[in-house]
Amino acid sequence: MDPVSTHVLATHKADRPLMACRYSVDGAYVFAASEDYKVWRFRVSDGSKVALDSDAWVRGLAFADAGKTLITAGYDGRLIWWDALAENPAPQRTVAGHAGWIRAVAVSPDGTLVASVGNDRMVRLWSHADGSLVREMPGHESHIYNVAFHPSGETLLTGDLYGHLMDWEVASGKQIRVIKSESLSKYDKGFYAQIGGFRGLIFNADGTQVAASGITNVSNAFAGVGNPSVVIFDYAKGEQVIEHLSKGPLQGVAWNVAFHPQNVIISSTGGSGGHYLFWKAGEKETFHQFKMPSDVRDFALAPDGLHLAAAQGNGQLTISLMNPKQS
């Protein structure tokens, strides 16, 4: 894996701008949510696509049953279970999950629970087996943007607009603590507006660190003027370890973040035309920034650790390879 040699391998077109994407468990497909109220299943090998008619914008995508089931979270407040690998996927189950937008969804490591969060400021846990509500966990005072299970499955993190990262005990629903990120949220007094929040949220493989992405150094909340940022937290201590920033610096939001097994942090930004950002663990500045054809609203790291898929504002799903071009 060589991030400095990253290059675009292929682009696949949807009819409308893309909003989110995830690789299938085997890496054969990328599921990309579009502004045409559909989630498109693209075959990586040839770009052929099949529509999952979600009838709403979708930001949350999560897999269960070893990749056989896809769960989508819509801006209409619905969670939908799909047979991800069917020739023509159709809804298997639909649950009215939240009042308003569902921002994110996650499946527990053992596959039994589904967690969802959204604009109604509620964290909800659902049974994956039958879609029934397991519990509600109130506590957030602003829109909740993201959710992530600890690899142990015992705890759950949720991050909101105000920069509050809440740690929950899954078995009881008890709130354990609140971790505050000062850099990923700001109140703009000029526009009377709060901006920021946890746009990306992920644990590393052993659960010792948490990466959160968003926007910092905001100078204009109305126009979203600021710099992409990835903050790393020590999970045990609940303390910030480092804030990763872009060279330049670039403008915009860091919409997602991934820990690569080779001690590299990867993120993407929609500002300054769209980029992939690469940091070495423990280093504040990027060692490489790869310019993309359009703004990157979300990205996914492939199971092979070599490929990246980007959901772009120009309606293209872009597949890139983090290795030198073959002559």
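Sequential numbering from 85 applies to the sequence shown in the working numbering.
Glycine included, every Cβ here is placed at the ideal spot set by N, Cα and C.
Remark: fewer than three beta-carbon pairs, one from each stretch, lie closer than 8 Å, so the region 144-151 and the region 90-102 are not flagged as touching. Secondary structure at P101: coil, using DSSP grouped into helix, strand and coil.
Contact annotation: D382 and W339 have beta-carbon atoms nearer than 8 Å.
Per DSSP, L334 lies in no beta strand (DSSP E) segment and is marked neither H nor E. In the DSSP assignment, H359 is bridged to T353 and K375. Between the alpha carbons of N311 and T353 lies a distance of about 9 Å. The Cβ-Cβ distance between T156 and V207 does not fall below 8 Å. Taking C-beta separations shorter than 6 Å and ignoring five residues to either side along the sequence, the partners of Y360 in its chain run S352 and F374, following chain order. Rounded to whole angstroms, the separation of the alpha carbons of G357 and K331 is 15 Å.
Restricting attention to W363, T402, H372 and V314, the CA atom closest to the CA of S378 is found in T402. Going by beta carbons, I164 and P175 fall inside the 8 Å limit. By the neighbour-count criterion, in which a residue is buried when 16 or more other Cβ atoms sit within 10 angstroms of its Cβ, H91 is exposed.
Counting only the Cα atoms, S129 lies some 49 Å from G274. Residue state for A180 is assigned as strand, using DSSP reduced to three classes. Exclusion of the five residues before and after D139 leaves Y121 as the residues of its chain whose Cβ lies within less than 6 Å of its Cβ. Under the three-state reduction of DSSP, P87 is assigned to helix.
Under the three-state reduction of DSSP, A295 is assigned to strand. Per DSSP, L390 is not a residue of any beta strand (DSSP E), being assigned neither H nor E. Residues of the same chain with a CB within less than 8 Å of the CB of Q396, apart from the 5 flanking positions on each side, are P101, L102, G358, M376, P377, S378, D379, V380, R381 and T402 in chain order. Counting the other Cβ atoms within 10 Å of the Cβ of I299 gives 16 or more, which makes it buried.
Take Y271, set aside five residues on each side of it, and the residues of its chain with a beta-carbon closer than 6 Å to its own are Q278, in chain order.
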